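Number of protein chains: 4
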Amino acid sequence: MPEVLRVRVAFADTDAMGVAWHGNYLRWFEMARTELMRPTELPYPVLVGRGIHLPLIEALVRYRNPARYDDLLIVRAGPVRARGVRLRIDYRIECDERLIVDGHTEHAFTDAAGRVIRPPRDVQEVFARLSGAHGG
Amino acid sequence: MPEVLRVRVAFADTDAMGVAWHGNYLRWFEMARTELMRPTELPYPVLVGRGIHLPLIEALVRYRNPARYDDLLIVRAGPVRARGVRLRIDYRIECDERLIVDGHTEHAFTDAAGRVIRPPRDVQEVFARLSGAHGG
Amino acid sequence: MPEVLRVRVAFADTDAMGVAWHGNYLRWFEMARTELMRPTELPYPVLVGRGIHLPLIEALVRYRNPARYDDLLIVRAGPVRARGVRLRIDYRIECDERLIVDGHTEHAFTDAAGRVIRPPRDVQEVFARLSGAHGG
Amino acid sequence: MPEVLRVRVAFADTDAMGVAWHGNYLRWFEMARTELMRPTELPYPVLVGRGIHLPLIEALVRYRNPARYDDLLIVRAGPVRARGVRLRIDYRIECDERLIVDGHTEHAFTDAAGRVIRPPRDVQEVFARLSGAHGG
Numbered sequence: 001m002p003e004v005l006r007v008r009v010a011f012a013d014t015d016a017m018g019v020a021w022h023g024n025y026l027r028w029f030e031m032a033r034t035e036l037m038r039p040t041e042l043p044y045p046v047l048v049g050r051g052i053h054l055p056l057i058e059a060l061v062r063y064r065n066p067a068r069y070d071d072l073l074i075v076r077a078g079p080v081r082a083r084g085v086r087l088r089i090d091y092r093i094e095c096d097e098r099l100i101v102d103g104h105t106e107h108a109f110t111d112a113a114g115r116v117i118r119p120p121r122d123v124q125e126v127f128a129r130l131s132g133a134h135g136g
Numbered sequence: 137m138p139e140v141l142r143v144r145v146a147f148a149d150t151d152a153m154g155v156a157w158h159g160n161y162l163r164w165f166e167m168a169r170t171e172l173m174r175p176t177e178l179p180y181p182v183l184v185g186r187g188i189h190l191p192l193i194e195a196l197v198r199y200r201n202p203a204r205y206d207d208l209l210i211v212r213a214g215p216v217r218a219r220g221v222r223l224r225i226d227y228r229i230e231c232d233e234r235l236i237v238d239g240h241t242e243h244a245f246t247d248a249a250g251r252v253i254r255p256p257r258d259v260q261e262v263f264a265r266l267s268g269a270h271g272g
Numbered sequence: 273m274p275e276v277l278r279v280r281v282a283f284a285d286t287d288a289m290g291v292a293w294h295g296n297y298l299r300w301f302e303m304a305r306t307e308l309m310r311p312t313e314l315p316y317p318v319l320v321g322r323g324i325h326l327p328l329i330e331a332l333v334r335y336r337n338p339a340r341y342d343d344l345l346i347v348r349a350g351p352v353r354a355r356g357v358r359l360r361i362d363y364r365i366e367c368d369e370r371l372i373v374d375g376h377t378e379h380a381f382t383d384a385a386g387r388v389i390r391p392p393r394d395v396q397e398v399f400a401r402l403s404g405a406h407g408g
Numbered sequence: 409m410p411e412v413l414r415v416r417v418a419f420a421d422t423d424a425m426g427v428a429w430h431g432n433y434l435r436w437f438e439m440a441r442t443e444l445m446r447p448t449e450l451p452y453p454v455l456v457g458r459g460i461h462l463p464l465i466e467a468l469v470r471y472r473n474p475a476r477y478d479d480l481l482i483v484r485a486g487p488v489r490a491r492g493v494r495l496r497i498d499y500r501i502e503c504d505e506r507l508i509v510d511g512h513t514e515h516a517f518t519d520a521a522g523r524v525i526r527p528p529r530d531v532q533e534v535f536a537r538l539s540g541a542h543g544g
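Written out as structure tokens, the structure reads:
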């Protein structure tokens, strides 16, 4: 699974157990999605500018090992699997060869008002290429 | 599923789509766990004081409807299902009769150093009673 | 200074020093602003619905004592001082008679596009009354 | 003021006004402190490992212009001014030559239990050198 982002655990990200608070991983998954799209013709801000949104339908995180303050996390994402009005992306976050979390998110294609839409042809093609690129 | 907490969506909780950012639900699930334990002999701070922690193994959130700034959310939790060194809790968050999210978290019983432990008898009994109380 | 809100320190709010992370106080100040406006004719969502926003110009927090997981914080706010296109609010957060933080925020009245505006007469009146009510 | 960090505004960092939520700047100031110390003999995790902490006494943020989703922020910090048991650091955050926020934080040197301490000689020297390096 290709690396799409490196992110440092900030002190603000830790909790009183001395580890990265578990909810932060959804933030790092989200940052990975932005980076996954950046090199395509449809970086996420462009997609949003065209009125196409990808709200979450489901998020799953499996916590394997804790991360600590100042750890440098490697965030991997892919494959992207688009089917009709839905999209699924898998993630792995590692630190020094240790698996920290893995999981996935599922999204719907919607317009700005939140109505489910079938993505236009060129958008479909970008996601189809992302799938291929990541072996999906 | 019994109501354990009411929480208002703060402006800080919203994102640029105008809805509660999806990662906040893990925070509200966590607050619900604190409230679930509060009326027992082992409120969460007491549990932690005894060196017993409940780090997450897995979290799943299914997003059903968006919540917005100032919405008053009803957070329901239960049943609590403890089996050996593991614990699972289900959640539903509603607003004005609409289902906003549902999901679950799975936890391991560990000591302060993160080593998995079998919970002492009295801790087991509190969780067994919580299971019963919530129909689990 | 009148109490406008009680808020529990969630586990998510703590950091690896075992105390409430310092940035959270801006969130609690913001929640206090929502509660300050709620009993008026112009609760914050109504104000926003009329296209009037109150973005921050300045925030100051003085940290007096740490707060810990599950502490019940009393958030006090007032007086509200509106002068022309600006607004200043003072805050104090306490726990068990101990002062945790105090500080203030300053805001500009703007339209939805962020242009500074002079608030309409009825909005001015609500803020004038809030000032009076809190001894400002 | 030297650049110490570049940080992207994540979608999670935005609020319903479509801009970076104002509390996030304290997080970015904190990340800048970590980076300021990294190239010294006393990176922040080492300092903490020696039982020396730098809790906040005061934080001030002046908001000049909004930042938006995916903006690449340049975080500048310095000079570091240590006097006795206290430390003050100034910050500026910019985006495309626009000033977004400026401000400062003040810190006390404490031990792990939060008692104010005079920093040991070698710690004083590191901070004295940081002051010099940043023109303070």
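Residue numbers (our numbering), protein chains in the order written: chain A, 1 to 136; chain B, 137 to 272; chain C, 273 to 408; chain D, 409 to 544. Cβ coordinates follow ideal geometry from the N, Cα and C atoms, glycine included. Just so you know, these numbers come straight off a predicted model, no measurement behind them.
Go to residue i, then tell me how far its beta strand (DSSP E) extends in each direction, as first and last residue.
i, result
"proline 79 of chain A", "72-83"
"glutamate 58 of chain A", "56-63"
"alanine 516 of chain D", "506-516"
"glutamate 449 of chain D", "Here glutamate 449 of chain D belongs to no beta strand (DSSP E), and DSSP marks it neither H nor E."
"alanine 227 of chain B", "The sequence shown places tyrosine at residue 227 of chain B, rather than the alanine named in the question. Residues 222-231."
"valine 4 of chain A", "3-8"
Mind checking residue i: buried by the 16 CB within 10 Å criterion, or exposed?
i, result
"arginine 491 of chain D", "exposed"
"aspartate 285 of chain C", "buried"
"proline 255 of chain B", "buried"
"leucine 54 of chain A", "buried"
"leucine 235 of chain B", "exposed"
"valine 140 of chain B", "buried"
"aspartate 226 of chain B", "buried"
"arginine 278 of chain C", "exposed"
"glutamate 302 of chain C", "buried"
Going by beta-carbon coordinates alone, are residue i and residue j separated by less than 9 Å?
i, j, result
"valine 483 of chain D", "phenylalanine 535 of chain D", "no"
"glycine 154 of chain B", "alanine 424 of chain D", "yes"
"glycine 214 of chain B", "leucine 172 of chain B", "yes"
"glutamate 97 of chain A", "glutamate 58 of chain A", "no"
"valine 197 of chain B", "leucine 56 of chain A", "yes"
"aspartate 478 of chain D", "threonine 34 of chain A", "yes"
Could one say the Cβ of residue i lies closer than 9 Å to chain B's Cβ atoms, at least one of them?
i, result
"alanine 292 of chain C", "no"
"proline 311 of chain C", "no"
"tyrosine 335 of chain C", "no"
"leucine 5 of chain A", "no"
Are any of the Cβ atoms in chain D nearer than 9 Å to that of residue i?
i, result
"tyrosine 205 of chain B", "yes"
"alanine 152 of chain B", "yes"
"valine 48 of chain A", "yes"
Does the distance between the C-beta of residue i and the nearest non-hydrogen atom of the ligand ATP fall short of 8 Å?
i, result
"leucine 266 of chain B", "Among the components of this structure there are no ligands whatsoever, and the ligand ATP is therefore not found."
Counting only beta-carbon separations shorter than 9 Å, does residue i have a partner in chain C?
i, result
"phenylalanine 147 of chain B", "yes"
"tyrosine 161 of chain B", "no"
"arginine 144 of chain B", "yes"
"glycine 522 of chain D", "yes"
"alanine 467 of chain D", "yes"
Quick check: what's the CA-CA separation for residue i versus residue j?
i, j, result
"aspartate 122 of chain A", "arginine 50 of chain A", "12 Å"
"glutamate 533 of chain D", "tyrosine 433 of chain D", "29 Å"
"histidine 270 of chain B", "histidine 22 of chain A", "For histidine 270 of chain B, the predicted model reports a pLDDT of 48, less than 50, meaning its position is unreliable and no value from the coordinates is stated."
"proline 311 of chain C", "valine 454 of chain D", "50 Å"
"arginine 86 of chain A", "isoleucine 117 of chain A", "9 Å"
"alanine 203 of chain B", "arginine 523 of chain D", "43 Å"
"arginine 496 of chain D", "serine 539 of chain D", "10 Å"
"proline 138 of chain B", "tyrosine 452 of chain D", "45 Å"
"arginine 228 of chain B", "arginine 435 of chain D", "31 Å"
"valine 373 of chain C", "tyrosine 335 of chain C", "5 Å"
"phenylalanine 419 of chain D", "isoleucine 52 of chain A", "15 Å"
"leucine 480 of chain D", "alanine 113 of chain A", "28 Å"
"glutamate 41 of chain A", "alanine 32 of chain A", "17 Å"
"glycine 272 of chain B", "cysteine 231 of chain B", "Note that glycine 272 of chain B scores a pLDDT of 40, beneath 50, so its modelled location is shaky; the value from the coordinates is reported in the next line. If I take the Cα positions, the gap works out to 24 Å."
"alanine 20 of chain A", "asparagine 337 of chain C", "24 Å"
"arginine 537 of chain D", "arginine 265 of chain B", "60 Å"
Counting only beta-carbon separations shorter than 9 Å, does residue i have a partner in chain A?
i, result
"alanine 168 of chain B", "no"
"tyrosine 452 of chain D", "yes"
For residue i, go through chain E and note every residue whose CB falls closer than 9 Å to its CB, in chain order.
i, result
"proline 327 of chain C", "No chain E appears in the structure shown, which is made up of the protein chains A, B, C and D."
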